[in-house]
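In the working numbering, the protein residues as written are 16 to 297. Glycine included, each C-beta is placed from N, C-alpha and C at the ideal position. The model shown is predicted, which means the values in this text are computed figures rather than measured ones. Everything on this sheet refers to the single structure shown next.
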Ligand SMILES: C[S@@+](CC[C@H](N)C(=O)[O-])C[C@H]1O[C@@H](n2cnc3c(N)ncnc32)[C@H](O)[C@@H]1O
């Protein structure tokens, strides 16, 4: 016997969108995925979701939400700021036998970890305009998540996964790779979306490391990377002047004439730990 999937028998997404007047708004970064083949592939990239609670940010008309309900996830909590989309997800929730909850809120102002107990994951096709600040916020307490499977514009995905020495390597990549194992999982061309964006997109997977920095160390890493990459053409002894410059670098065993993009994650880790220790001793 085949068990019907929760999304079987639902009206096509284009009809749902038209019925609710959900014309895409640029200010909300609305580019919708309507192809169930693509949304199923994204849901599959998150791995086995049995027993996991999933937070989806920005479900829009619910294409990815439908795919998530078709997995073994225990529960899906969808956070959406657009009232029109909230109404659509509310209809879907009414058919989902308690497995879907919709929260009308701005994800930038919400602590997502309060929405469901662990084990939990974030899976989302993020609005381009707030994707980076949302990710940095989640990295601050990333131990709360089993995994994050997130779609960004392709250039942001490249920055998250960039290796030292590459053109895309910078603050975002250091923060992400310092706290998580990061991988580029899937490329998605503009034509897959309605309406199509001007840029390509990519799905990134982030699996938190077992050891995580405390809040003070994370703040120190934000300060060190902001200073180092804020003036990336400068030698580190100049760029890190306000944080101790040559003396900090000498204690870390790093040549002050190097530039930020040549430092690997372990070297940045060393600088952040020294910065915390020096700040505590001051
Ligand atoms: C790129 S669309 C993705 C929609 C849907 N997940 C899909 O794949 O078709 C981004 C969604 O995020 C929502 N959104 C934008 N800013 C948001 C915010 N600050 N908090 C919550 N949702 C937001 C938009 O309304 C939109 O539904």
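According to DSSP, residues forming a beta bridge with residue 219: Looking up residue 219 in the chain shown gives position 204. Bridge partners of residue 219: 165, 199.
Buried/exposed call for residue 34, threshold 16 Cβ in 10 Å: Residue numbering aside, residue 34 sits at position 19 when the chain shown is read from its first letter. Exposed: under 16 other Cβ atoms inside 10 Å.
Residue 172 beta carbon less than 7 Å from that of residue 199: Translated into positions along the chain shown, residue 199 becomes position 184. Translated into positions along the chain shown, residue 172 becomes position 157. For residue 199 and residue 172, yes; Cβs fall inside 7 Å.
Any 3 or more C-beta pairs closer than 8 Å across the region 173-180 and the region 79-93: no
Short Cβ contact (7 Å threshold) for residue 168 with residue 218: Within the chain shown, residue 168 is the residue found at index 153, counting from 1. Within the chain shown, residue 218 is the residue found at index 203, counting from 1. Against a cut-off of 7 Å, the Cβ pair of residue 218 and residue 168 comes out as no contact.
Candidates 250, 242, 191, 101: closest to residue 257 by CA position: Residue mapping note: residue 257 aligns to position 242 of the chain shown, counting from 1. Among 250, 242, 191, 101, the Cα nearest to that of residue 257 belongs to 242.
Candidates 72, 110, 164, 113: closest to residue 97 by CA position: Mapped onto the chain shown, residue 97 falls at position 82. For the residues 72, 110, 164, 113, the minimum Cα distance to residue 97 belongs to 72.
Three or more C-beta pairs below 8 Å linking the region 49-56 and the region 107-123: no
Counted within 10 angstroms of its Cβ, other Cβ atoms place residue 129 as buried (16 or more) or exposed: The residue you call residue 129 lines up with position 114 of the chain shown. By the 10 Å Cβ count, residue 129 comes out exposed.
Buried versus exposed, by CB contacts within 10 Å (16 or more), residue 16: In the chain shown, counting from the first residue as 1, residue 16 sits at position 1. Any reading at residue 16 must be qualified, since the residue scores a pLDDT of 44, below 50, and its modelled position is unreliable; no value is offered.
Contact the region 244-255 vs the region 273-284: 3+ CB pairs below 8 Å: yes
Distance cut-off 6 Å: residue 167 Cβ against heavy atoms of ligand 1: Along the chain shown, one-based indexing puts residue 167 at 152. Outside the cutoff, so no.
Residue 151 - containing alpha helix (DSSP H), residue span: The sequence position of residue 151 within the chain shown is 136, counting from 1. Segment 146-154, the alpha helix (DSSP H) holding residue 151.
Per-residue DSSP class, three states only, for residue 67: Here residue 67 is taken as the residue at index 52 of the chain shown, counted from 1. Here residue 67 sits in coil by DSSP.
Residues of its chain near residue 231, where Cβ-Cβ distance is below 6 Å and the 5 sequence neighbours each way are ignored: Within the chain shown, residue 231 is the residue found at index 216, counting from 1. Answer for residue 231: 291, listed in chain order.
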